[in-house]
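Notes follow the structure.
2 protein chains.
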Amino acid sequence: MRKINPRDFKLARRGTSREINRQIALTLIRTHQPVSRADLSRLMETNRANVTLLVNELLEEGLVREEEQNESNGRGRKPTSLFLNSRESLAVAIDVRKTKAFLMLTDSTGRQVGDVISFPMKPDPSEFVRSLAWQVRKALGGTLDSTSCGGIGVVVPGMLDLRNGTVIHSPTLRWRNVELLDLMKQEFGDIEIHLENSGKACALSQIWSVRGDGTALNDIVFVSVSDGVGVGIVVNGELVRGRHNTAGEFGHVPLSIDGPPCACGANGCWEAYISNIATISRYFGSSVADRRPVPVERSECTIESLIAKARANDGKALAALQSTARYLGLGLASIINVIDPSRIYIGGEITEAWDLLESTVKDAIKERTLSSELGEASIRIVPAIEFPRLKGAAALITAPAFAAPKVA
Amino acid sequence: MRKINPRDFKLARRGTSREINRQIALTLIRTHQPVSRADLSRLMETNRANVTLLVNELLEEGLVREEEQNESNGRGRKPTSLFLNSRESLAVAIDVRKTKAFLMLTDSTGRQVGDVISFPMKPDPSEFVRSLAWQVRKALGGTLDSTSCGGIGVVVPGMLDLRNGTVIHSPTLRWRNVELLDLMKQEFGDIEIHLENSGKACALSQIWSVRGDGTALNDIVFVSVSDGVGVGIVVNGELVRGRHNTAGEFGHVPLSIDGPPCACGANGCWEAYISNIATISRYFGSSVADRRPVPVERSECTIESLIAKARANDGKALAALQSTARYLGLGLASIINVIDPSRIYIGGEITEAWDLLESTVKDAIKERTLSSELGEASIRIVPAIEFPRLKGAAALITAPAFAAPKVA
DNA sequence: TCATATTGTTAAAAGACTTAACAAAATAGA
DNA sequence: TCTATTTTGTTAAGTCTTTTAACAATATGA
Numbered sequence: 001m002r003k004i005n006p007r008d009f010k011l012a013r014r015g016t017s018r019e020i021n022r023q024i025a026l027t028l029i030r031t032h033q034p035v036s037r038a039d040l041s042r043l044m045e046t047n048r049a050n051v052t053l054l055v056n057e058l059l060e061e062g063l064v065r066e067e068e069q070n071e072s073n074g075r076g077r078k079p080t081s082l083f084l085n086s087r088e089s090l091a092v093a094i095d096v097r098k099t100k101a102f103l104m105l106t107d108s109t110g111r112q113v114g115d116v117i118s119f120p121m122k123p124d125p126s127e128f129v130r131s132l133a134w135q136v137r138k139a140l141g142g143t144l145d146s147t148s149c150g151g152i153g154v155v156v157p158g159m160l161d162l163r164n165g166t167v168i169h170s171p172t173l174r175w176r177n178v179e180l181l182d183l184m185k186q187e188f189g190d191i192e193i194h195l196e197n198s199g200k201a202c203a204l205s206q207i208w209s210v211r212g213d214g215t216a217l218n219d220i221v222f223v224s225v226s227d228g229v230g231v232g233i234v235v236n237g238e239l240v241r242g243r244h245n246t247a248g249e250f251g252h253v254p255l256s257i258d259g260p261p262c263a264c265g266a267n268g269c270w271e272a273y274i275s276n277i278a279t280i281s282r283y284f285g286s287s288v289a290d291r292r293p294v295p296v297e298r299s300e301c302t303i304e305s306l307i308a309k310a311r312a313n314d315g316k317a318l319a320a321l322q323s324t325a326r327y328l329g330l331g332l333a334s335i336i337n338v339i340d341p342s343r344i345y346i347g348g349e350i351t352e353a354w355d356l357l358e359s360t361v362k363d364a365i366k367e368r369t370l371s372s373e374l375g376e377a378s379i380r381i382v383p384a385i386e387f388p389r390l391k392g393a394a395a396l397i398t399a400p401a402f403a404a405p406k407v408a
Numbered sequence: 001m002r003k004i005n006p007r008d009f010k011l012a013r014r015g016t017s018r019e020i021n022r023q024i025a026l027t028l029i030r031t032h033q034p035v036s037r038a039d040l041s042r043l044m045e046t047n048r049a050n051v052t053l054l055v056n057e058l059l060e061e062g063l064v065r066e067e068e069q070n071e072s073n074g075r076g077r078k079p080t081s082l083f084l085n086s087r088e089s090l091a092v093a094i095d096v097r098k099t100k101a102f103l104m105l106t107d108s109t110g111r112q113v114g115d116v117i118s119f120p121m122k123p124d125p126s127e128f129v130r131s132l133a134w135q136v137r138k139a140l141g142g143t144l145d146s147t148s149c150g151g152i153g154v155v156v157p158g159m160l161d162l163r164n165g166t167v168i169h170s171p172t173l174r175w176r177n178v179e180l181l182d183l184m185k186q187e188f189g190d191i192e193i194h195l196e197n198s199g200k201a202c203a204l205s206q207i208w209s210v211r212g213d214g215t216a217l218n219d220i221v222f223v224s225v226s227d228g229v230g231v232g233i234v235v236n237g238e239l240v241r242g243r244h245n246t247a248g249e250f251g252h253v254p255l256s257i258d259g260p261p262c263a264c265g266a267n268g269c270w271e272a273y274i275s276n277i278a279t280i281s282r283y284f285g286s287s288v289a290d291r292r293p294v295p296v297e298r299s300e301c302t303i304e305s306l307i308a309k310a311r312a313n314d315g316k317a318l319a320a321l322q323s324t325a326r327y328l329g330l331g332l333a334s335i336i337n338v339i340d341p342s343r344i345y346i347g348g349e350i351t352e353a354w355d356l357l358e359s360t361v362k363d364a365i366k367e368r369t370l371s372s373e374l375g376e377a378s379i380r381i382v383p384a385i386e387f388p389r390l391k392g393a394a395a396l397i398t399a400p401a402f403a404a405p406k407v408a
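First to last, the sequence lines map onto chains R and U. Going by my numbering, the first sequence opens with residue 1, and the numbers climb by one from there. Going by my numbering, the second sequence opens with residue 1, and the numbers climb by one from there.
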């Protein structure tokens, strides 16, 4: 039961039905390809005549491609298979991180093209955008126009104002009130640019990926554990943005209001317990609060090396990771109690040690979830090689073509 | 950008456009009444011809009523005013609480009819349903059929399974796995019955109320502070239910995982800090954990009497309330960080002391919200006389007529 | 009184789903 | 091999809706 917003509704026009059904057909071709018109008519519970008309429109627009099928299945006329058609324009995905930025190209259906490229991050926004432009041009083979490039999706760790296209605050990049969209427009002209927060982008990557089982999940949460903790919430197939586009900050919900200090200024945030920095600090026996000069060996310790130590039977390293696992689970329990999603995805370097941590995490979840059913929530690890941030950045450009039209 | 769920979509049929526009027209009549067809055509940005057809349908179905307007505004022909038409059938709203149950009638537009009736609660579910049937019959004047009664909305504090219509667990009522819907069907035959959790119902009451300023808010959170803490989240005009209909349980997100024990079995839940019981315990200097026999004077202490004492300059009472205010604010900060709603509504007995608590609450919010803008979130108190739970119960029956059709 | 403006209705046009009929193609079985 | 059957995809007519345009009914101001 959804309420119609009397100040922001959309009337059904003469072409609205077609628009709706076209997107449904496109979605089903995407998830079921190869698929025939007859199959579609059964999936959509409508007649073949309607499907013919819808598909013809998609063919004309080049969104869909036909192919003769060789093998027949049954008695009658051989069906013709329909596939998503990847058009010539490529989407550019950018992931901006502390010391490096990453670039990936995808075709218009969201499939990766070529390898992921990384290049050093410049602290100065203008300088960064210039080097970015150079990298994008290179990746696209020198050309840079709106026919070869369908758009650029940029993922930034931090708080964004999507209205003005500014980075309000990114602790990781040490950026404040950077007018990133304007800077990029100067370099990229009329090419479409979308910004997104990294936690939200990760959530998008899962929603819009076409993979057997996950396809039907429209209520998920993505938790990304790294230097900070980013979270993206999807309810009813749509990202929860909130009034200021800051929804999802589970990382700053406290585990204990008197806990260790967090980068945000408050105490005891979940992030202060489970970020990579927190885990490493725990290994060295100090709290994050400890502001003394970092010892040499500590500054070189990464979460990856810590995991390696744990696997080499370093008891202290394993204990630090187990602690993080427990706190991770306690926080996940809050997510389950508040959102009750169909699945939680977890990304970040620490997932490399999931085999060591899983049982601890799950026990902690059970400890604080309200019912046993909730305690058995579905959890999936997203390894770093899947590049969820980059896939989310690409989805910013490629997904709108498949999205539901706004209606009522 | 909403993803279409390939396993649960709804195709646009021949009549879907009409269905959509009909609901939009109805919504606008509801929020703007009295309103003319010409006004509607301007609000909807369509032509008067279309509005005539839509309104005629609404008139035929008896959802809308015409009235000649006496005063003309301007030059031409006098417009005819359109109003929502309340039909003969009444909605019955039931609020089940620990010691009492409450009953309210509303007309089909959701407006209260008559007074709120209260009757003693029976611990045994079957017995309760029998006494409920008697009360409903009495309130409706003896008759009880589907023409006089549009449906019954029942609000229960606890976890519900809406698929089977069962109360999974209600600590307040001490009910477990009560098949409430089946019991009620036996008493009420073919009359429509809807169950809802009390926190969620409160949120519905605000979404579906027609009041000047709040009408356009489609992203809100309702926090109900009582014996427990109930929370309802509305995103995009729709209640966030989650996979098991348990979403919204902010009451069991911890302020401190090592905090006082909570009725749910975990430690340090928000509820354990701000529920009325917690506040009263704090007044007596003991934690909720204290399981010793309750002293006489304490068992008779209610939150209302505590507020009265605070107003009479009882320092200990005021301190207990201020403590609760601070914890309330700290928890609200989490809600703001996670959901970033347009407004938070707060209900419960403690709101009677809002003038004493407001500044403490707001300071606490600022302490833990991520940006200053978020710290100034819009907060509204909902006093008990507005009966949010009962209004939410009524909305379960009356609101679907105004809801957006499910599409795509 | 007349010109003008506004409201609400009606008829025809155009767009989209639906139904029904049909041609094309492939298989099973006589 | 031929025929009946089945399945696929298309086409034309039918129906429902929005849209456009024209028109009648009021009401006001000059």
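Built from N, CA and C at the ideal position, the CB exists for glycine as well. It should be emphasised that the depicted structure is a prediction, and the values quoted were computed from it without experimental measurement.
| Item | Value |
| --- | --- |
| Restricting to Cα atoms, I'd like to know which of 328(R), 26(R), 152(R), 29(R) is closest to residue 137(R). | 152(R) |
| In the DSSP assignment, the alpha helix (DSSP H) including residue 208(U) goes from what residue to what residue? | Where residue 208(U) is concerned, there is no enclosing alpha helix (DSSP H), given that its DSSP letter is neither H nor E. |
| Where residue 285(U) and residue 258(U) are concerned, what is the direct C-alpha to C-alpha distance, given to the nearest angstrom? | 19 Å |
| Under 8 Å by Cβ, that's how I've got residue 173(R) and residue 98(R) pegged, so tell me the actual separation to the nearest angstrom. | 7 Å |
| Using three-state DSSP, classify residue 66(R) as helix, strand or coil. | strand |
| Which residues of chain U have a Cβ atom closer than 9 Å to the Cβ of residue 117(R), listed in chain order? | The contacting residues do not exist; residue 117(R) stays about 26 Å from chain U at best. |
| Kindly indicate the opening and closing residues of the alpha helix (DSSP H) around residue 316(U). | 315-339 |
| On a Cα-Cα basis, can you pick out the residue from 28(R), 191(R), 241(R) that is closest to residue 44(R)? | 28(R) |
| Going by the CB atoms, is the gap between residue 180(U) and residue 123(U) shorter than 8 Å? | no |
| Would you mind reading off the limits of the alpha helix (DSSP H) that contains residue 42(U)? | 37-44 |
| What does residue 6(U) reach in chain R if we use C-beta pairs closer than 9 Å? | 24, 27, 28, 30, 31, 32, 43, 215, 216 |
| With DSSP collapsed to three states, give me the class of residue 100(R). | strand |
| Using the Cβ count rule (16 or more neighbours within 10 Å means buried), how would you classify residue 200(U)? | buried |
| Under a Cβ-count criterion, where at least 16 other Cβ atoms within 10 Å of its own Cβ denotes burial, should residue 208(U) be classed as buried or exposed? | buried |
| Taking beta-carbon pairs under 8 Å, can you tell me which members of the region 45-62 of chain U lie near chain R? | 45, 46 |
| Under the three-state reduction of DSSP, which class applies to residue 28(R): helix, strand or coil? | helix |
| Please report the distance separating the alpha-carbon of residue 15(U) from that of residue 23(R). | 18 Å |
| Do residue 54(U) and residue 21(U) have their CB atoms nearer than 8 Å? | yes |
| May I ask whether a heavy atom of the ligand GDP can be found less than 7 Å away from the beta carbon of residue 176(U)? | Looking for the ligand GDP in the displayed structure turns up nothing, as the structure carries no ligands at all. |
| Please state whether DSSP places residue 293(U) in a helix, a strand or coil. | Model confidence at residue 293(U) stands at a pLDDT of 45, short of 50, so the residue's coordinates are unreliable; what they give is reported in the following sentence. Coil. |
| For residue 260(R), which three-state DSSP category applies? | coil |
| So, using beta-carbon positions, are residue 229(R) and residue 270(R) closer together than 8 Å? | yes |
| Return helix, strand or coil for residue 120(U), following the three-state DSSP convention. | strand |
| So with CB distances below 8 Å, who are the chain U contacts of residue 207(R)? | 3 |
| Please tell me whether residue 289(R) has its Cβ less than 8 Å away from any Cβ of chain U. | Unreliable positioning characterises residue 289(R) in this predicted model, as indicated by a pLDDT of 47, which lies under 50. The coordinate reading is nonetheless provided below. No, because no Cβ of chain U sits closer than 8 Å to the Cβ of residue 289(R). |
| Should residue 219(U) be flagged as near chain R, meaning a C-beta pair shorter than 8 Å? | yes |
| When you compare the CB positions of residue 25(U) and residue 59(U), do they come within less than 8 Å of one another, or not? | no |
| Report all residues from its chain with a CB closer than 8 Å to the CB of residue 402(U); omit the five preceding and five following residues, and keep chain order. | 23, 26, 27, 30, 208 |
| State the DSSP-derived secondary structure class of residue 141(U), mapped to helix, strand or coil. | coil |
| Starting from residue 231(U), follow the beta strand (DSSP E) in both directions and report where the run begins and ends. | 229-235 |
| Residue 246(U) versus chain R: which residues are under 8 Å apart at the beta carbon? | 337, 340, 370, 371, 374 |
| Which bits of chain R does residue 455(U) rub up against, with CB to CB less than 7 Å? | The question about residue 455(U) has no answer here: the residues shown for chain U are numbered 1 through 408. |
| Residue 243(U) touches chain R at which residues, Cβ-Cβ below 8 Å? | 219, 340, 341, 342 |
| Quick check for students: name the residue ranges of the beta strand (DSSP E) that lie wholly in the region 339-384 of chain R, counting only runs of 3 or more. | 343-348, 379-382 |
| Rounded to whole angstroms, what is the Cα-Cα separation between residue 129(U) and residue 275(R)? | 51 Å |
| Using a Cβ-Cβ cut-off of less than 9 Å, list which residues of the region 161-188 of chain R approach chain U; keep chain order. | 168, 169 |
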